[in-house]
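What follows is one structure encoded as structure tokens, with my remarks underneath.
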Amino acid sequence: MKPILEIRGLTKYFGGLRAVYNFDIEIPEGALVGLIGPNGAGKTTIFNMITGIYPPTEGEILFQGENLVGLEPHEITQRGIGRTFQNIRLFPNLTVLDNVRIAYHQHAGYTLMDAVLRTPHYYRRERELTELAQSFLEVFNLQDRQNELASSLPYGEQRRLEIARALAVEPKLLLLDEPAAGMNPAEVANLMELIHFIRDRFKLTIFLIEHQMRVVMGICETITVMDFGEVIARGTPEEIRNDPRVIEAYLGRGVVLEAR
Amino acid sequence: MVREGRFLGQSWRFWVGAFLVYLVFQVLFWLGDAEVPVIGAIFTTYIQDVIKYVCILAMVALGLNLIYGFNGQFSLGQWGFYAIGAYASADVTYRWYQNSDPSALIVLLVGEAVALGLFLLVPRWTRGLRLPEWQVLSLYLVMLVAGAAVGIGASTALSGPIGAFLRLWPEGLAMQVIFFLSVLEGGVLAAIISFLFGLPVLKLGGDYFGIATLGFGMIVKVLFDNADAIFPEMKGARGMVGIPRLTTWPWVYAFLVLTLVAMRNLIYSSEGRAILSVRESEIAAKVMGIDTTRYKTLSFVLGSLFAGLAGGLLAHYQAFLAPNMFHFIKSFDPLIIIVFGGLGSMTGTLAGTIFWAATLEGLRVLLPTGTEAWRLVIYPVALLVIMLLRPDGLLGKREWGFLRERKWWLKPEVVEEKAKAQVQEARGS
Numbered sequence: 271m272k273p274i275l276e277i278r279g280l281t282k283y284f285g286g287l288r289a290v291y292n293f294d295i296e297i298p299e300g301a302l303v304g305l306i307g308p309n310g311a312g313k314t315t316i317f318n319m320i321t322g323i324y325p326p327t328e329g330e331i332l333f334q335g336e337n338l339v340g341l342e343p344h345e346i347t348q349r350g351i352g353r354t355f356q357n358i359r360l361f362p363n364l365t366v367l368d369n370v371r372i373a374y375h376q377h378a379g380y381t382l383m384d385a386v387l388r389t390p391h392y393y394r395r396e397r398e399l400t401e402l403a404q405s406f407l408e409v410f411n412l413q414d415r416q417n418e419l420a421s422s423l424p425y426g427e428q429r430r431l432e433i434a435r436a437l438a439v440e441p442k443l444l445l446l447d448e449p450a451a452g453m454n455p456a457e458v459a460n461l462m463e464l465i466h467f468i469r470d471r472f473k474l475t476i477f478l479i480e481h482q483m484r485v486v487m488g489i490c491e492t493i494t495v496m497d498f499g500e501v502i503a504r505g506t507p508e509e510i511r512n513d514p515r516v517i518e519a520y521l522g523r524g525v526v527l528e529a530r
Numbered sequence: 012m013v014r015e016g017r018f019l020g021q022s023w024r025f026w027v028g029a030f031l032v033y034l035v036f037q038v039l040f041w042l043g044d045a046e047v048p049v050i051g052a053i054f055t056t057y058i059q060d061v062i063k064y065v066c067i068l069a070m071v072a073l074g075l076n077l078i079y080g081f082n083g084q085f086s087l088g089q090w091g092f093y094a095i096g097a098y099a100s101a102d103v104t105y106r107w108y109q110n111s112d113p114s115a116l117i118v119l120l121v122g123e124a125v126a127l128g129l130f131l132l133v134p135r136w137t138r139g140l141r142l143p144e145w146q147v148l149s150l151y152l153v154m155l156v157a158g159a160a161v162g163i164g165a166s167t168a169l170s171g172p173i174g175a176f177l178r179l180w181p182e183g184l185a186m187q188v189i190f191f192l193s194v195l196e197g198g199v200l201a202a203i204i205s206f207l208f209g210l211p212v213l214k215l216g217g218d219y220f221g222i223a224t225l226g227f228g229m230i231v232k233v234l235f236d237n238a239d240a241i242f243p244e245m246k247g248a249r250g251m252v253g254i255p256r257l258t259t260w261p262w263v264y265a266f267l268v269l270t271l272v273a274m275r276n277l278i279y280s281s282e283g284r285a286i287l288s289v290r291e292s293e294i295a296a297k298v299m300g301i302d303t304t305r306y307k308t309l310s311f312v313l314g315s316l317f318a319g320l321a322g323g324l325l326a327h328y329q330a331f332l333a334p335n336m337f338h339f340i341k342s343f344d345p346l347i348i349i350v351f352g353g354l355g356s357m358t359g360t361l362a363g364t365i366f367w368a369a370t371l372e373g374l375r376v377l378l379p380t381g382t383e384a385w386r387l388v389i390y391p392v393a394l395l396v397i398m399l400l401r402p403d404g405l406l407g408k409r410e411w412g413f414l415r416e417r418k419w420w421l422k423p424e425v426v427e428e429k430a431k432a433q434v435q436e437a438r439g440s
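Residue numbers (the working numbering), protein chains in the order written: chain A, 271 to 530; chain B, 12 to 440.
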């Protein structure tokens, strides 16, 4: 299968700090791929480079054959990449519905004049996009909350809303940055089901960063492991679990030796 | 409800109500002028002027709230755009009023039309080139100069015949039409200048943008201090006199109502939500596919447009303009008003403006003679106390009345269910 996302030789320096070095990955269409590694390994930096928030120092990011390097973040989103953030970044003072409707902005299809003059075209498009947003909220079981402020939702629902919002940009590739962070075991189980569900329902490719081994091992088909900005292993969950370099990165060498 | 009201998203009830409010004040003003007992004592010329000034200042503050309260860009330059609108508009009517000379009217009308046309058309071809920023800015400056050149050319060619044509009209009508056009021209000029200023400066975030705009306000004041070098009628620091006094109650009221309706319609649309998302989280907005630069520019330009329009009204309200009126210290007035009323609340801005006028001007009337200076003590103390009690401003982000978002898209059955639930609740209790 042809890759939807292909990253070659991606490198990022923050001054003298080497955050990511020579990162490569190929993600086939429809795959569910995980990226793991200890804190500070450079995982989120990779997401920030894919979505155009940081320009890479070197390397290229090919999305459906097109190089994304040098594009503005909104242009990258318009090409079909949605993402969530490690520390939730909703629009806190806007309603749940408006959070999702903002994601539909690029498909709104009416102009400033339509809005100010309230033309029939405005009403037609506004109704359509509101109904679309509401149907998204229903999928995520948030429809009863649509008129509440996003900041008033409990943590788990904020996470769900952020995923709903990322899906509303109608992406082909969804980047999830630690979706299970701060969740209890029951919520994590729900989340894993949800991720499977959205991939099948929206025919997506999912690339996710996760800290909790249970999540990554449970849902990812292939896993890439990073440490200190470099890839140290890649393979199926089974292979990763038994890879000595991964164990070393997570637990440290001394502990492994003593265990023997 | 399939949609909101029929005209500009407002119901006929709203328009009738707005007209009635106009009428009530108009009648009160007439009675005040006729010195009818009681009403004549309350609605003196002075109070009438304060009410008109509240409407003008509310427009400036609404513009600033769009920039700072809704879009999150801290700007201190609003007063500069106010000044530009005022002087541009005053120059147009001054020339006609004093010399029956429509040259300024034509220069601005043609120049702005050409410049706006170029601004809209040229980027369609140049967008694909991905020019560096300074080249984009130079390109826009060239377009502006081209517009000005065409405007001046049109004016030298057409001033004679158009002037002769306008002199055929009844004198009052020609003056009113020129006044209306001059206010629009002042507003559009302020908008164009804010666009060119915002292009390089808007990418500065937070306080840095605030300082840059403060600098802009100071530059504008110094320019008008020395404007007599090019425009002798502006008389530089001595102040411009001889502007016709044309800002009547119907004009200010109509401009304020239309500003409010336009801003409300903007905020409750996809464009408005894009503006809000920039304030809420710029990074998240970008990742949602929103061109944040575009929406920062849009709200800055529209906010300046409102300030420019208000400036045109101010010039013909006072019939006198001096650069000192646009000293940067004064630019804190709209800032105080919007923070006090609630950043991100149009209702709050109106309430804030009324509070501002009521304490600073109203107390002048209410306090016993000889103690008027105490209002400058009462005003800051009241500000302090209210900000301590309500840190988000009077209204926070809430809106009242016609400024609220109407949820007309709710499915009918949802509305029905809600109504049923309310009825049951009422019965239960």
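C-beta: ideal position from N, C-alpha, C; glycine also. This structure is a prediction, so every number in the text was calculated from the model and none was measured.
- So, using beta-carbon positions, are Ile-254(B) and Ala-330(B) closer together than 8 angstroms? yes
- Task: State the CB to CB distance for the pair Glu-330(A) and Arg-278(A), rounded to an integer number of angstroms; the pair is presumed to be in contact (CB under 8 angstroms).
- Result: By a beta-carbon distance limit of 8 angstroms, Glu-330(A) contacts Arg-278(A). Their separation comes to about 5 angstroms.
- Task: Please determine, among Pro-391(B), Thr-270(B), Tyr-33(B) and Leu-378(B), the residue with the shortest C-alpha to C-alpha distance to Leu-77(B).
- Result: Thr-270(B)
- Using the Cα positions of Lys-63(B) and Val-231(B), report the straight-line distance between them to the nearest angstrom. 25 angstroms
- Sorted by chain position, which residues of the same chain lie with C-beta nearer than 7 angstroms to Arg-290(B)'s C-beta, five sequence neighbours on each side aside? Phe-81, Asn-82 and Gly-83
- Item | Close Cβ partners of Gly-122(B) (< 7 angstroms) along its chain, the five nearest in sequence each way excluded | Gly-158, Ala-159, Val-161 and Gly-162
- Would Leu-316(B) pass as a contact of Gly-198(B) if the rule is Cβ separation under 8 angstroms? In this structure, Gly-198(B) lies closer than 8 angstroms to Leu-316(B) by Cβ.
- Query: Using Cβ-Cβ distances below 8 angstroms, what residues of the region 352–366 of chain A are close to chain B?
  - Reply: Gly-352, Arg-353, Phe-355, Arg-359, Leu-360, Phe-361, Pro-362, Asn-363 and Leu-364
- Item | Closer than 8 angstroms to chain B by CB, Glu-396(A) | Yes, Glu-396(A) counts as interfacial toward chain B.
- Under a Cβ-count criterion, where at least 16 other Cβ atoms within 10 Å of its own Cβ denotes burial, should Ser-281(B) be classed as buried or exposed? buried
- Relative to the alpha-carbon of Leu-210(B), which residue among Val-350(B), Val-65(B), Val-312(B) and Val-32(B) has its alpha-carbon at the smallest distance? Val-312(B)
- Query: CA-CA distance, Tyr-306(B) and Ala-285(B)?
  - Reply: C-alpha separation (whole angstroms): 7 angstroms.
- Query: Should His-344(A) and Gly-300(B) be called a contact, given that it needs their Cβ atoms to be closer than 8 angstroms?
  - Reply: Taking the C-beta atoms as reference points, Gly-300(B) is found nearer than 8 angstroms to His-344(A).
- Query: Looking at the C-beta of Pro-343(A), does it have a partner C-beta in chain B at a distance below 8 angstroms?
  - Reply: Yes, because at least one Cβ of chain B sits closer than 8 angstroms to the Cβ of Pro-343(A).
- Item | Whole-angstrom distance between Glu-372(B) and Gln-37(B), CA atom to CA atom | Using only the alpha carbons, I get a separation of about 21 angstroms.
- Message: So, at 8 angstroms on beta carbons, what are the nonlocal neighbours of Thr-365(A) in its own chain, with the 5 sequence-adjacent residues on each side left out?
- Response: Gln-416, Asn-417, Glu-418, Leu-419 and Ala-420
- Task: Kindly indicate the opening and closing residues of the alpha helix (DSSP H) around Phe-176(B).
- Result: 144–179
- Message: Can you pull the chain B neighbours of Arg-214(A), defined as C-beta to C-beta under 8 angstroms?
- Response: Examination of residue 214(A) is not possible in this model, given that chain A is present from 271 through 530 alone.
- Message: For a quick check, are the C-beta atoms of Ala-69(B) and Thr-360(B) less than 8 angstroms apart?
- Response: yes
- Per-residue contacts from Gln-348(A) into chain B (C-beta, under 7 angstroms): Gly-300
- Message: Just to make sure I have the definition right: I need the residues of chain A whose C-beta is within less than 8 angstroms of the C-beta of Trp-420(B). Which are they?
- Response: Glu-396, Arg-397, Thr-400 and Glu-401
- Task: In the DSSP assignment, find the unbroken alpha helix (DSSP H) run with Asp-102(B) in it and report its ends.
- Result: 89–110
- Message: Could you check whether Leu-302(A) and Ile-517(A) sit closer than 8 angstroms to each other, using their CB atoms as the reference points?
- Response: no
- With distances taken Cα to Cα, identify the nearest neighbour of Gln-187(B) among Ala-165(B), Tyr-105(B) and Phe-18(B). Tyr-105(B)
- the region 397–419 of chain B: which residues have C-beta closer than 7 angstroms to a C-beta of chain A, in chain order? The residues in question are Lys-408.
- For Trp-136(B), count neighbouring Cβ atoms within 10 angstroms of its own Cβ and tell me buried if that reaches 16, exposed if not. exposed
- Message: Taking CB distances under 8 angstroms as the criterion, tell me whether Ala-124(B) reaches chain A.
- Response: no
- Task: Output yes if chain A places a C-beta closer than 8 angstroms to the C-beta of Ala-265(B); else output no.
- Result: no
- Three-state secondary structure assigned by DSSP to Gly-122(B): helix
- Query: Can you list the residues of chain A that Leu-277(B) reaches, using a CB-CB cut of under 9 angstroms?
  - Reply: Here the neighbours are Leu-382, Ala-385 and Val-386.
- Query: When the distance is taken between beta carbons, is Val-252(B) closer than 8 angstroms to Ser-100(B)?
  - Reply: no
- Spell out whether any CB of chain B is found under 8 angstroms from the CB atom of Tyr-392(A). yes
- Task: Select from the region 165–184 of chain B all residues with a C-beta closer than 7 angstroms to any C-beta belonging to chain A, and list them in chain order.
- Result: Those would be none; no residue qualifies.
- Task: Taking only runs that begin and end inside the region 352–388 of chain A, name each unbroken beta strand (DSSP E) of 3 or more residues, in chain order.
- Result: none
- Consult DSSP for Asp-513(A) and reduce its assignment to one of helix, strand or coil. coil
- Taking the C-alpha atoms as reference points, what is the distance between Ser-205(B) and Phe-235(B)? Cα to Cα, the separation comes out at about 17 angstroms.
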